[in-house]
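Written below as structure tokens is the structure these notes are about.
There are 2 protein chains.
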Amino acid sequence: MIDRTRHPSPATRPHPAVRAMSERRARRAVDVAVIGGGIIGLGIAWAVAQSGRTVVVIDPDPAGGATYAAAGMLAAVSELHYQEEELLELMLASSALYPAFIESLQTASDPTGYQRTRTINVGAEAADRQALADLRGVQLANGLGVEPLTVREARELEPLLSPRISGAFLVEQDHQVDPRQLSARIQLALAALAKDGQLAVIRVRARGLLHDVSTDAASRVTGVALVDGSTLRATEVVVANGLGAAGLRGLPEQLNLPIRPVYGDVIRLRVPEHLRPLLTCTVRGLVHGLPVYLVPRTDGTLVIGATQREDGSSAVSVGGVHQLLRDAQVLVPAISELELIELTARARPGTPDNAPLLGRVGCSQADGDIPGLIIATGFFRHGVLLTPVAAQYCLQLIEGNDDDRWRSFRPDRFSASRALASASPHGGHS
Amino acid sequence: MIDRTRHPSPATRPHPAVRAMSERRARRAVDVAVIGGGIIGLGIAWAVAQSGRTVVVIDPDPAGGATYAAAGMLAAVSELHYQEEELLELMLASSALYPAFIESLQTASDPTGYQRTRTINVGAEAADRQALADLRGVQLANGLGVEPLTVREARELEPLLSPRISGAFLVEQDHQVDPRQLSARIQLALAALAKDGQLAVIRVRARGLLHDVSTDAASRVTGVALVDGSTLRATEVVVANGLGAAGLRGLPEQLNLPIRPVYGDVIRLRVPEHLRPLLTCTVRGLVHGLPVYLVPRTDGTLVIGATQREDGSSAVSVGGVHQLLRDAQVLVPAISELELIELTARARPGTPDNAPLLGRVGCSQADGDIPGLIIATGFFRHGVLLTPVAAQYCLQLIEGNDDDRWRSFRPDRFSASRALASASPHGGHS
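Chains as they are written, first to last, in the working numbering: chain A, 2 to 431; chain B, 2 to 431.
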């Protein structure tokens with residue numbers, strides 16, 4: 002379905018008053034419009050802005066979705082799952098880009114919460130430790146550094162870990178960032194680069210894509226129609242609005258974006274003064290087979306996450322909160338003495354193969370890619386980690402280049418009408 | 002310490018401009034000033050207003066303290082504790098006054114959330130059931146109706162009770178009210194009775210009591226000094242500001258009000274449509290010796306409470322929330338499917354014998370009671386239940402009467418300088 006209603010064709014000739022209105026509403030034009038102001042959309046906009054192009058982010062509530070809940074672990078190594086080696090490559094590439102990405106944004110007075118702290122993966126029961134040991138085999142086979150620790154060694158690093166844990170593994174290279182600070186910082190940086198008082202972020206919801214109606218359905222995308230009736234002309238449009246992407250008007254009809262909401266509950270705690278620092282590393286645990294993570298911030302708060310629910314409820318789940326508090330206390334009993342300051346539930350955009358939908362899309366087997374359209378959604382649990390690589394890759398595409406390493410993440414890989422050059426990134430899953 | 006600063010004595014004669022300011026600030030005068038707009042203060046004010054007297058409640062945040070957290074159980078029978086039989090008499094008297102109290106307030110369009118639902122006391126383990134059975138012995142000895150239920154009978158009343166509970170006891174006469182609705186309703190009713198646009202509630206903190214400085218320390222209380230520098234003249238002042246009572250200036254120096262904060266965490270949940278009604282009775286459980294209660298509201302929410310912490314922390318406790326969610330799920334497993342909508346922590350004003358500090362106070366052994374002063378604090382976990390009897394008794398005292406039944410709750414029973422006619426209400430505890 003292509004939304005042409007907001008983009009008058011040259012053939013029509015409206016009443017002068019209507020035309021004036023139309024011109025006013027369409028007066029904005031930028032090089033790149035990014036639909037979606039989560040961390041992915043903001044990161045892409047920042048890369049675009051740094052290249053000297055004009056860019057606008059369109060989002061009624063920037064950084065208010067999954068970004069708002071996210072703990073901000075940059076855990077390429079710890080997040081490795083079996084048969085997701087291509088995703089690992091993307092995660093490691095992004096991890097390597099993080100220092101420069103932060104360097105481009107952070108100043109002494111503008112923090113992002115980026116910390117090169119380490120990560121300890123803890124098994125509560127013997128079976129949990131064995132699962133982590135098995136994962137280590139895969140991690141080592143992929144050349145990743147994971148060091149086994151005895152319970153004593155783990156407690157030397159983190160004295161408040163329970164003496165009853167079963168074992169632990171240290172990952173030096175898994176760090177963290179504060180997604181709320183980072184996204185706020187990017188918005189400020191974008192505003193500073195915006196010219197002539199132009200908005201860097203338009204706080205309106207996008208309704209759909211504008212097309213050049215002089216051609217057929219494979220026509221070039223030329224901008225964005227907003228729900229307030231206004232339009233924004235753009236040379237390139239990046240669709241980065243997470244779960245909202247599939248509902249956007251004007252996407253190619255045959256394009257299947259199989260994103261589904263995977264809800265997560267996240268808890269924020271405050272550590273009383275007498276217990277600080279509670280932890281210095283990120284602690285990722287497996288407790289009776291269930292994952293839980295504890296991410297300490299320098300401001301004395303602690304983030305505990307996250308459930309993965311597909312129950313359709315966007316509310317904070319009692320069962321979820323209970324499980325997280327219970328399992329976090331199994332790993333670090335002193336958690337019971339903390340103050341509970343925030344409960345958050347948000348949906349992550351999940352995909353069938355747990356990999357993002359990232360790149361340009363074709364319209365049919367015969368046609369090439371649709372000009373002016375890039376998609377960047379489906380980052381699931383990895384949006385914060387994958388922001389630098391998504392930003393770099395989208396800028397490459399805008400500059401007319403591609404990167405063969407990431408072609409397997411093409412957003413049209415689940416679309417029947419397109420025979421993909423490359424298979425789905427994780428054969429057997431899709 | 003008596004605060005005389007805000008009440009110029011007749012001997013002083015300030016500059017005319019100062020006097021004008023002073024008169025403006027002291028222009029208000031009422032029959033009764035109630036310090037504290039929690040449910041107790043509001044209830045007393047309502048009784049006073051109905052008697053035809055003018056009354057003002059002084060509170061910067063009416064109904065924002067323990068009242069805001071309270072679940073509103075009217076559970077005189079279930080709340081009975083060993084050696085607290087005098088408190089039981091007060092609770093039963095208040096329980097009996099509740100229907101008329103509600104009748105005076107509630108209309109079809111002005112609900113109070115009063116419901117004559119029943120209460121089921123549930124024991125999770127055999128030891129919990131035995132503790133409840135032992136309590137029933139005391140309840141029966143006091144003439145109270147408590148009916149033992151088999152697990153099957155309990156689950157016929159409440160089908161979502163776990164089949165793994167150990168036993169249950171039904172109390173027909175323990176009902177509930179919604180303290181937030183009730184306190185909002187009283188404030189509206191007070192405003193409707195207030196004359197000539199006078200405020201029913203002054204949203205300022207009280208600093209202390211005004212005294213008639215022409216006499217000695219046993220002098221009559223004549224009003225209230227507020228922190229904004231204004232004063233309020235009153236024939237009678239009722240001190241009903243909970244934990245704030247002890248810090249009020251102008252109380253007799255030898256009066257010891259031993260109130261301490263007992264913090265409680267309370268959780269509010271929303272029941273999804275497909276699980277309604279989750280419960281129709283109030284469920285009070287004992288789980289491994291720890292109490293937890295589940296109070297269903299007609300709006301589809303559920304209140305779970307409450308911890309008792311003396312750790313000095315006014316923040317929501319992780320350990321407390323975890324315990325409540327865990328134990329509530331032991332009683333009603335479907336709780337895990339509910340939505341968590343609110344966490345609240347508030348301090349209750351506890352006393353050494355768990356009984357309120359209620360009545361007039363003497364100044365020394367020789368003197369009689371201080372005219373113009375009534376104290377009503379220390380209601381601990383029973384403020385909502387005890388509101389009607391506290392209101393009725395305070396009005397009696399204002400009218401010059403006393404009630405021998407409640408003299409043992411005199412607020413000066415812990416004050417060394419006063420030899421009380423009656424002992425502490427629960428001999429051996431104080």
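Using N, Cα and C, we set each Cβ at its ideal position, and we do this for glycine too.
query = For the putative contact between B/VAL111 and B/LEU189, defined by C-beta atoms under 8 Å, what is the C-beta separation to the nearest angstrom?
reply = Counting from 1 along the second sequence, the entry for residue 111 of chain B is found at position 110. Counting from 1 along the second sequence, the entry for residue 189 of chain B is found at position 188. Before going on, a small fix: residue 111 of chain B reads as Asp here, not Val. With a Cβ gap of about 7 Å, B/ASP111 and B/LEU189 count as contacting.
query = Since A/ILE59 sits in a beta bridge, which residues does DSSP pair it with?
reply = On the first sequence, residue 59 of chain A is found 58 positions in, with the first residue counted as 1. DSSP lists A/ILE36, A/ILE203 as partners of A/ILE59.
message = Short of 8 Å Cβ to Cβ, which residues in the region 245-277 of chain B face chain A?
response = LEU270, ARG271, PRO273
task = Name, going along the chain, the residues of the region 313-324 of chain B whose beta-carbon falls closer than 8 Å to a beta-carbon of chain A.
result = Answer set for the region 313-324 of chain B: SER314, ALA316, VAL317, SER318, VAL319, GLY320, VAL322, HIS323.
query = Excluding sequence positions up to five away, which residues of its chain have a Cβ less than 7 Å from the Cβ of A/VAL331?
reply = The residue you call residue 331 of chain A lines up with position 330 of the first sequence. These residues qualify, in order along the chain: ALA125, SER163, VAL288.
request  = Using a cut-off of 9 Å between C-beta atoms, extract the partners of B/SER337 located in chain A.
outcome  = By one-based count along the second sequence, residue 337 of chain B stands at place 336. Those within 9 Å of B/SER337 in chain A are SER318, VAL319, GLY320, GLY321, HIS323, GLN324.
Contact between the region 250-269 of chain B and the region 300-317 of chain A (3+ Cβ pairs under 8 Å) = no
inquiry  = Considering only their Cβ atoms, is the gap separating A/GLY286 from A/HIS328 smaller than 8 Å?
reply    = The residue given as residue 328 of chain A occupies position 327 in the first sequence. The residue given as residue 286 of chain A occupies position 285 in the first sequence. Reading off the sequence shown, one finds Asp at residue 328 of chain A, where the question assumed His. For A/ASP328 and A/GLY286, yes; Cβs fall inside 8 Å.
ask   = Identify the residues that DSSP records as bridge partners of A/PHE170: which are they?
value = Residue 170 of chain A sits at position 169 when you count from the first residue of the first sequence. Bridge pairing for A/PHE170: A/ASN122, A/PRO149 [DSSP].
message = Against chain B, does A/LEU89 count as a neighbour if the rule is that its beta carbon must be under 8 Å from one of theirs?
response = For the purposes of this step, residue 89 of chain A is taken as the residue at position 88 of the first sequence. Not an interface residue.
query = Along chain A, in chain order, which residues have C-beta atoms closer than 8 Å to that of B/GLU340?
reply = Counted from its first residue, the second sequence places residue 340 of chain B at position 339. Simply SER314, ALA316, VAL317, SER318, VAL319.
ask   = Shortest alpha-carbon distance to A/GLN177 belongs to which of A/THR281, A/ALA142, A/ARG130, A/LYS196?
value = Indexing the first sequence from 1 puts residue 177 of chain A at position 176. Among A/THR281, A/ALA142, A/ARG130, A/LYS196, the Cα nearest to that of A/GLN177 is on A/THR281.
query = Which runs of the beta strand (DSSP E) spanning at least 3 residues fall entirely within the region 271-347 of chain A, listed in chain order?
reply = 283-288, 291-297, 302-306
Contact set between the region 197-224 of chain B and chain A, restricted to residues whose Cβ is under 8 Å from the partner = none
key: Minimum Cβ-Cβ distance from A/ARG156 to chain B less than 8 Å   = Stepping through the first sequence from its first residue, residue 156 of chain A is reached at position 155. A/ARG156 does not count as touching chain B.
message = A/LEU106 and A/ILE45 - do their beta-carbons sit closer together than 8 Å?
response = Taking the first sequence and counting its residues from 1, the one referred to as residue 45 of chain A is at position 44. Taking the first sequence and counting its residues from 1, the one referred to as residue 106 of chain A is at position 105. Not closer than 8 Å, so no.
Residue nearest to A/GLY360 in terms of C-alpha spacing, selected from A/ARG411, A/THR283, A/VAL31 = Here residue 360 of chain A corresponds to residue number 359 of the first sequence, with the count starting at 1. Here the closest residue by C-alpha is A/ARG411.
inquiry  = Suppose you measure from the CA of A/GLU400 to the CA of A/GLN51; what does that come to, to the nearest Å?
reply    = Reading the first sequence from its first residue, position 399 is the one you call residue 400 of chain A. Reading the first sequence from its first residue, position 50 is the one you call residue 51 of chain A. About 13 Å.
key: Proximity below 8 Å, CB of B/LEU227 to CB of B/ILE59   = If you number the second sequence from 1, residue 227 of chain B lands on position 226. If you number the second sequence from 1, residue 59 of chain B lands on position 58. In contact: B/LEU227 and B/ILE59 (Cβ atoms closer than 8 Å).
ask   = If you draw a straight line from the alpha carbon of A/LEU276 to that of A/LEU158, how long is it in whole angstroms?
value = For the purposes of this step, residue 276 of chain A is taken as residue 275 along the first sequence, with counting starting at 1. For the purposes of this step, residue 158 of chain A is taken as residue 157 along the first sequence, with counting starting at 1. C-alpha separation (whole angstroms): 16 Å.
inquiry  = Quick check on this structure: which residue in B/TRP407, B/THR388, B/ASP413, B/ARG406 has the alpha carbon closest to the alpha carbon of B/VAL95?
reply    = Reading the second sequence from its first residue, position 94 is the one you call residue 95 of chain B. Going by the sequence as given, residue 95 of chain B is Ser instead of Val. Among B/TRP407, B/THR388, B/ASP413, B/ARG406, the Cα nearest to that of B/SER95 is on B/THR388.
request  = Take A/ARG25 and list the residues in its own chain whose beta-carbon comes closer than 6 Å to its own, dropping the five residues that flank it on each side.
outcome  = Counted from its first residue, the first sequence places residue 25 of chain A at position 24. A caution first: A/ARG25 carries a pLDDT of 45, below 50, which makes its placement in the model unreliable, though a value can still be read off. Excluding sequence neighbours, A/ARG25 sits near nothing in its chain.
message = I need the DSSP call for A/ALA356, collapsed to helix, strand or coil.
response = Here residue 356 of chain A is taken as the residue at index 355 of the first sequence, counted from 1. In this structure, A/ALA356 counts as coil in the three-state DSSP scheme.
inquiry  = Please report the distance separating the alpha-carbon of A/ALA27 from that of A/ARG234.
reply    = For this step, residue 27 of chain A is matched to residue 26 along the first sequence. For this step, residue 234 of chain A is matched to residue 233 along the first sequence. With a pLDDT of 49 at A/ALA27, under the threshold of 50, the modelled position of that residue is not reliable, and no figure is offered here.
The region 78-91 of chain A / the region 61-69 of chain A touching (three or more Cβ pairs under 8 Å) = no
query = Shortest alpha-carbon distance to A/GLY39 belongs to which of A/PHE381, A/GLN397, A/LEU396?
reply = Taking the first residue of the first sequence as position 1, residue 39 of chain A is located at position 38. It is A/PHE381 whose Cα lies nearest to the Cα of A/GLY39.
query = For A/ALA417, does the count of other Cβ atoms within 10 angstroms reach 16, so buried, or fall short, so exposed?
reply = As a working mapping, residue 417 of chain A is identified with position 416 in the first sequence. A/ALA417 comes out exposed.
key: Cβ neighbours of B/LEU258 in the same chain (closer than 8 Å, five flanking residues each side left out)   = Position 257 of the second sequence, counting from 1, holds the residue named residue 258 of chain B. Here the set comprises ALA246, ALA247, LEU252, LEU358, ILE376, THR378, GLY379, PRO412, PHE415.
key: C-alpha gap between B/ALA169 and B/VAL152, whole angstroms   = Counting from 1 along the second sequence, the entry for residue 169 of chain B is found at position 168. Counting from 1 along the second sequence, the entry for residue 152 of chain B is found at position 151. The straight-line gap from Cα to Cα measures roughly 7 Å.
6 Å Cβ shell around A/GLN324 - same chain, five flanking residues per side excluded = Looking up residue 324 of chain A in the first sequence gives position 323. Result list for A/GLN324: empty, nothing under 6 Å.
ask   = Got a sec: which bits of the region 136-170 of chain B sit with their beta carbon under 8 Å from any beta carbon on chain A, in order along the chain?
value = none
inquiry  = I'd like to know if A/GLN330 contacts chain B, where contact means its C-beta is closer than 8 Å to some C-beta of that chain.
reply    = In the first sequence, residue 330 of chain A corresponds to position 329, counting from 1. So yes, A/GLN330 belongs to the interface.
request  = Following the continuous alpha helix (DSSP H) through B/ARG234, name the residue where it begins and the one where it ends.
outcome  = The residue labelled residue 234 of chain B in the question sits at position 233 within the second sequence. DSSP places B/ARG234 in no alpha helix (DSSP H) but in the uninterrupted beta strand (DSSP E) bounded by 232-240.
request  = Just mark B/ASP229 as buried or exposed, buried being the case when its beta carbon has 16 or more other beta carbons within 10 Å.
outcome  = Sequence index remark: in the second sequence, residue 229 of chain B carries index 228 (1-based). Answer is exposed; the Cβ neighbour count stays below 16.
request  = Give the secondary structure of B/LEU252 by DSSP, where H, G and I count as helix, E and B as strand, and everything else as coil.
outcome  = Position 251 of the second sequence, counted from the first residue, corresponds to residue 252 of chain B. Reduced to three states, the DSSP call for B/LEU252 is coil.
Under 8 Å by beta carbon: chain A residues contacting B/ARG327 = Within the second sequence, the letter at position 326 stands for residue 327 of chain B. Neighbourhood of B/ARG327 in chain A, by CB distance below 8 Å: HIS323, ARG327, in chain order.
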